[in-house]
Amino acid sequence: MNTNLNETPKTSVLFVCLGNICRSPLAEGIFRYLVEEEGLGDHFLIDSAGTGAWHVGERPDGRASLVAQQHGVTLDSRARQVQKEDFELFDYMIAMDRENLRALEELKSGTNSDTQITLLCSHDPNGDNGDEIPDPYYGGASGFENVYQLVHQSCKGLLKQFLAA
């Protein structure tokens with residue numbers, strides 16, 4: 014896997030949640046924003062996907078898009094489901110919670126992939142996010158703001174780890 018940002022190919026990162034309409038699109042958008050702020054857009058391939066297929070083809074949840082927009086982040090992806098082929102394309106898969114982490118590990122089994130699978134919160138530099146990003150889907154706007162802050166802090170830590178490698 015490529016961790017030296019001065020070399021090609023790009024470092025590829027896939028953010029994963031359940032339906033790919035709330036948490037993982039936020040993580041994709043936030044991480045892309047942070048990478049672009051550092052002038053490193055050419056060094057990363059960033060995407061998101063869901064372990065479930067319920068929302069395939071849909072845009073991100075309007076509440077996720079709104080909270081992202083309020084922070085200057087654009088969400089422009091369409092929901093898709095993780096595929097076995099993703100383990101050939103992505104160096105890192107970053108899960109939002111343990112359930113999705115297990116689903117990714119199960120999907121990876123039987124492949125020869127060396128894709129690293131981690132929880133997003135494990136990259137929080139302060140370690141105060143717990144170990145999961147809660148799903149805000151059934152909650153209100155304040156839940157989406159909370160998730161935005163958790164994801165943002167963890168994405169900053171993830172980028173810092175890549176830059177230090």
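In this note's numbering, the protein residues as written are 14 to 178. For every residue, glycine included, the Cβ atom is placed at its ideal position computed from N, Cα and C.
Check: Between which two residues does the alpha helix (DSSP H) harbouring glutamate 62 extend?
Finding: As a first step, residue 62 is located in the sequence shown; it is residue number 49 there, counting from the start. Note that residue 62 is alanine in the sequence shown, not glutamate. Unbroken run through alanine 62 is the beta strand (DSSP E), 57-63; no alpha helix (DSSP H).
Next item on the list: Let me know the secondary structure DSSP gives leucine 31 once reduced to three states.
Entry: Taking the sequence shown and counting its residues from 1, the one referred to as residue 31 is at position 18. Reduced to three states, the DSSP call for leucine 31 is coil.
Note to self: Bridge partners for alanine 108 per DSSP, in chain order?
What the structure shows: Taking the sequence shown and counting its residues from 1, one reaches residue 108 at position 95. Its beta-bridge partners are Val29, Leu132.
Note to self: Can you find the residues in the same chain that come closer than 7 Å, C-beta to C-beta, to leucine 120, ignoring five residues on each side of it along the sequence?
What the structure shows: Along the sequence shown, read from residue 1 onward, the residue named residue 120 stands at position 107. So the qualifying residues of the chain are Val95, Lys97.
Notebook entry, point to check: Measuring from the CB of glutamate 112, is there a heavy atom of the ligand GTP at a distance below 7 Å?
Noted result: As presented, the structure is devoid of all ligands, the ligand GTP included, so that no description of it is given.
Checklist line | Identity of the residue in Lys169, Gly153, Ile107 nearest aspartate 137 by Cα | finding: Stepping through the sequence shown from its first residue, residue 137 is reached at position 124. Aspartate 137 has its Cα closest to that of Lys169, out of Lys169, Gly153, Ile107.
Next item on the list: Quick one: give me the first and last residue of the alpha helix (DSSP H) that lysine 169 is part of.
Entry: Start at 1 with the first residue of the sequence shown, and residue 169 comes out as number 156. Note, lysine 169: alpha helix (DSSP H), 154-177.
Check: Hey, how far is the Cα of leucine 114 from the Cα of glycine 153?
Finding: Indexing the sequence shown from 1 puts residue 114 at position 101. Indexing the sequence shown from 1 puts residue 153 at position 140. Linking leucine 114 to glycine 153 through their CA atoms gives a straight-line distance of about 25 Å.
Note to self: Please classify aspartate 89 as buried or exposed, where buried requires at least 16 neighbouring CB atoms within 10 angstroms.
What the structure shows: Counting from 1 along the sequence shown, the entry for residue 89 is found at position 76. Exposed.
Item checked: Rounded Cβ spacing between leucine 132 and phenylalanine 44 (contact assumed at less than 8 Å) -> On the sequence shown, position 119 is the one that residue 132 refers to. On the sequence shown, position 31 is the one that residue 44 refers to. Contact flag wrong, Cβ pair sits at about 15 Å.
Next item on the list: Verify whether the separation of the beta carbon atoms of arginine 91 and glutamate 112 is less than 8 Å.
Entry: Position 78 of the sequence shown, counting from 1, holds the residue named residue 91. Position 99 of the sequence shown, counting from 1, holds the residue named residue 112. Cβ distance not < 8 Å, so arginine 91 and glutamate 112 don't count as in contact.
Next item on the list: Check whether the Cβ atoms of leucine 27 and aspartate 60 sit closer than 8 Å, and answer yes or no.
Entry: Taking the first residue of the sequence shown as position 1, residue 27 is located at position 14. Taking the first residue of the sequence shown as position 1, residue 60 is located at position 47. Contact flag set, yes.
Notebook entry, point to check: Just to confirm, are threonine 124 and phenylalanine 100 a CB contact at a threshold of 8 Å?
Noted result: On the sequence shown, residue 124 is found 111 positions in, with the first residue counted as 1. On the sequence shown, residue 100 is found 87 positions in, with the first residue counted as 1. Their beta carbons are under 8 Å apart, which means threonine 124 touches phenylalanine 100 by this criterion.
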